[in-house]
Amino acid sequence: GAGVSQSPSNKVTEKGKDVELRCDPISGHTALYWYRQSLGQGLEFLIYFQGNSAPDKSGLPSDRFSAERTGGSVSTLTIQRTQQEDSAVYLCASSFRMVTNEQFFGPGTRLTVL
Amino acid sequence: LAKTTQPISMDSYEGQEVNITCSHNNIATNDYITWYQQFPSQGPRFIIQGYKTKVTNEVASLFIPADRKSSTLSLPRVSLSDTAVYYCLVGGPNDYKLSFGAGTTVTVRA
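Below you can see the structure in the form of structure tokens.
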């Protein structure tokens with residue numbers, strides 16, 4: 001079946017611009033997660049959704065970052081006034097159960113802020 | 001999540017068995033051991049998960065000794081396509097904030 005998809009695959013933007021990253025989870029997966037992976041680094045947790053609500057936003061680096069999920073499916077991660085340190089690969093994952101360490105990851109969106 | 005320690009890199013040749021050992025001295029009673037694989041320009045992929053003794057699936061085997069302070073991921077008869085970074089994670093069933101360290105970069109040569 002179809003896996004987690006993310007778009008765009010690559011995004012180059014100028015410092016100060018806003019960007020939106022999209023995630024389509026696996027159908028039927030109620031939990032959705034966003035992570036960030038900087039070059040040569042491990043994954044950094046950003047936010048977790050159960051359905052359309054986000055019980056844990058603790059990983060969002062600043063108030064420039066926000067995320068929403070609609071219809072219990074698609075999620076959008078928005079970064080306002082991008083900074084160079086926001087450059088990274090943004091990964092989305094989904095899982096069937098609410099809390100699990102078996103998560104299915106998308107291919108990621110590589111964001112480059114010039 | 002419990003801290004884990006694994007080798008930074010390992011080299012192997014096609015057809016050989018690769019064993020990656022992960023140390024997790026502070027593993028908690030309800031923690032599971034999970035391994036992920038990540039290819040360049042892709043997201044991590046779940047490989048295998050276990051609690052104790054041995055778990056085997058079509059991709060790998062996971063060996064966990066009785067004290068559970070370490071675990072070994074075994075990849076049988078590797079091919080060039082097994083070249084990837086392998087991550088060892090330890091956490092309870094409610095730990096959804098996956099914490100990936102640097103992982104082990106496995107390079108398979110012809």
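So the protein lines, in turn, are chains P and V.
Okay, so the first sequence: first residue is 1 according to my numbering, each after it adds one.
Okay, so the second sequence: first residue is 1 according to my numbering, each after it adds one.
Every residue gets a Cβ at the ideal spot worked out from N, C-alpha and C, and that includes glycine.
Asked, Found
"Per-residue contacts from P40(V) into chain P (C-beta, under 7 Å)", "Those do not exist, as P40(V) stays about 11 Å from chain P at its closest Cβ, beyond 7 Å."
"Contact set for F63(V): own chain, Cβ-Cβ below 7 Å, skip 5 residues either direction", "K54, S71, T72 and S74"
"Residue interval of the beta strand (DSSP E) (run including N19(V))", "V18 to S23"
"Cα-Cα separation, N10(P) to L39(P)", "15 Å"
"Cβ-based neighbour list, R110(P), same chain, cut-off 6 Å, excluding 5 preceding and 5 following", "N10 and V89"
"Beta carbon of Y36(V) nearer than 8 Å to that of Y87(V)", "yes"
"Under 9 Å from the C-beta of L21(P): neighbouring residues of chain V", "In chain order: nothing, as chain V lies at least about 13 Å away."
"Cutoff 8 Å: L62(V) Cβ touching any chain P Cβ", "no"
"Strand pairing of F63(V), partner residues [DSSP]", "K54(V) and T72(V)"
"Contacts that P107(P) makes with chain V (C-beta to C-beta distance below 8 Å)", "S41, Q42 and G43"
"Beta-carbon neighbours of G42(P), restricted to chain V and to distances below 9 Å", "Y87, S99, F100, G101, A102 and G103"
"Cα-Cα separation, V12(P) to Q80(P)", "14 Å"
"G106(P) versus K15(P), Q37(P) and Q41(P), residue with shortest Cα-Cα distance", "Q37(P)"
"Terminal residues of the beta strand (DSSP E) in which D31(V) lies", "Neither: D31(V) is in no beta strand (DSSP E) and is coded neither H nor E."
"The beta strand (DSSP E) enclosing Y33(P), as first and last residue numbers", "A31 to Q37"
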